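Asker: Numbering (UniProt numbering), first residue to last: 1 to 265.
Built from N, CA and C at the ideal position, the CB exists for glycine as well.
This structure is a prediction, so every number in the text was calculated from the model and none was measured.
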């Protein structure tokens, strides 16, 4: 079924291979679960404030397959950041099940950190680079946490920086780079551990429109190379660059669609 999004002129078609949020998390596809990197069933996150409880997300059922490029979009307060934190193993769900690449994330904090470090590469809106380190050292740092030798980490970090067009800037500090260059460093840092998923939180939010388009093109190229990307954004135009668009509102997934523009871009 084709649905016309008149406001932003983005054509979308309903995806027949999505989890039905009204069927207790059962997939509408016969695809094996081994094809899914992300499997969420009846996920809830409840925050307690004083004597009150607040559900940030409720009854979320979601699967994301290897190689997908998915945008999670919604206004401020919709629950998308909470969902991102759970996907990224930065926080735990209060209820429900979440399997990441077949691994149950219902575990202690140390195990959750191990899962996060091995399986997820993060790209943040404000880059989160260490100002006193060169960009080479910023990129190699996650590898040291994984047990790489300094020599091996440097070689791998150089390759990642070359991939994003910054091979000639390895000695520069973040303050010597433009916003677009700093975001490319962040992308290199996300890629360097060969993660199962690249999780991008408002990756163009701090950039001008021209540089933002360059970063989006880079994400598209990474996806075309086989990388799985989950992007969080409040902007439907930015989300339209992904191949699948999930809308979150009031803590619920309200739509989940194949984005025809993203598929053909």
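Tell me the DSSP secondary structure of residue 61 in three-state form.
Answerer: Residue 61 sits at position 61 when you count from the first residue of the chain shown. In the structure shown, residue 61 sits in a strand (DSSP, three-state: E or B).
Asker: Leaving out the 5 sequence neighbours to the left and right, which residues in its chain are closer than 8 Å to residue 138 when beta-carbon positions are compared?
Answerer: Here residue 138 refers to the residue found at position 138 when the chain shown is read from its first residue. Taken in chain order, the residues that qualify are 129, 130, 174, 185, 189.
Asker: Grab the span of the beta strand (DSSP E) containing residue 121 for me, first residue to last.
Answerer: Along the chain shown, one-based indexing puts residue 121 at 121. Run containing residue 121: 120-123, per the beta strand (DSSP E) assignment.
Asker: On the CB-based measure, 16 or more other CB atoms within 10 Å of its CB, does residue 195 come out buried or exposed?
Answerer: By 1-based counting over the chain shown, the position of residue 195 is 195. With 16 or more Cβ atoms within 10 Å of its Cβ, residue 195 is classed as buried.
Asker: Is DSSP giving residue 146 helix, strand or coil here?
Answerer: Numbered from 1 along the chain shown, position 146 holds the residue referred to as residue 146. DSSP places residue 146 in coil when its eight states are reduced to three.
Asker: Among 210, 201, 207, 251, which one has its Cα closest to the Cα of residue 120?
Answerer: As a position in the chain shown, residue 120 is number 120, starting the count at 1. Looking at the Cα atoms, 201 is the closest of the given residues.
Asker: Just the C-alpha distance for residue 248 and residue 55, rounded to the nearest angstrom, thanks.
Answerer: Residue 248 sits at position 248 when you count from the first residue of the chain shown. Residue 55 sits at position 55 when you count from the first residue of the chain shown. So the two alpha carbons sit approximately 14 Å from each other.
Asker: Considering just the uninterrupted stretch of the beta strand (DSSP E) at residue 170, what are its terminal residues?
Answerer: Residue mapping note: residue 170 aligns to position 170 of the chain shown, counting from 1. Premise fails: residue 170 is in no beta strand (DSSP E) and is neither H nor E.
Asker: In three-state DSSP terms, what is residue 70?
Answerer: Start at 1 with the first residue of the chain shown, and residue 70 comes out as number 70. Looking at residue 70 - three-state DSSP - the assignment turns out to be strand.
Asker: Who are the near neighbours of residue 223 in its chain, counting only those whose CB is closer than 6 Å to its CB and skipping five residues on each side?
Answerer: Counted from its first residue, the chain shown places residue 223 at position 223. For residue 223, where only same-chain residues beyond five positions count, the Cβ hits under 6 Å are 69, 229.
Asker: With a threshold of 16 other CB atoms inside 10 Å of the CB of residue 40, please say whether the residue is buried or exposed.
Answerer: Stepping through the chain shown from its first residue, residue 40 is reached at position 40. Looking at its Cβ environment, which holds 16 or more other Cβ atoms inside 10 Å, residue 40 is buried.
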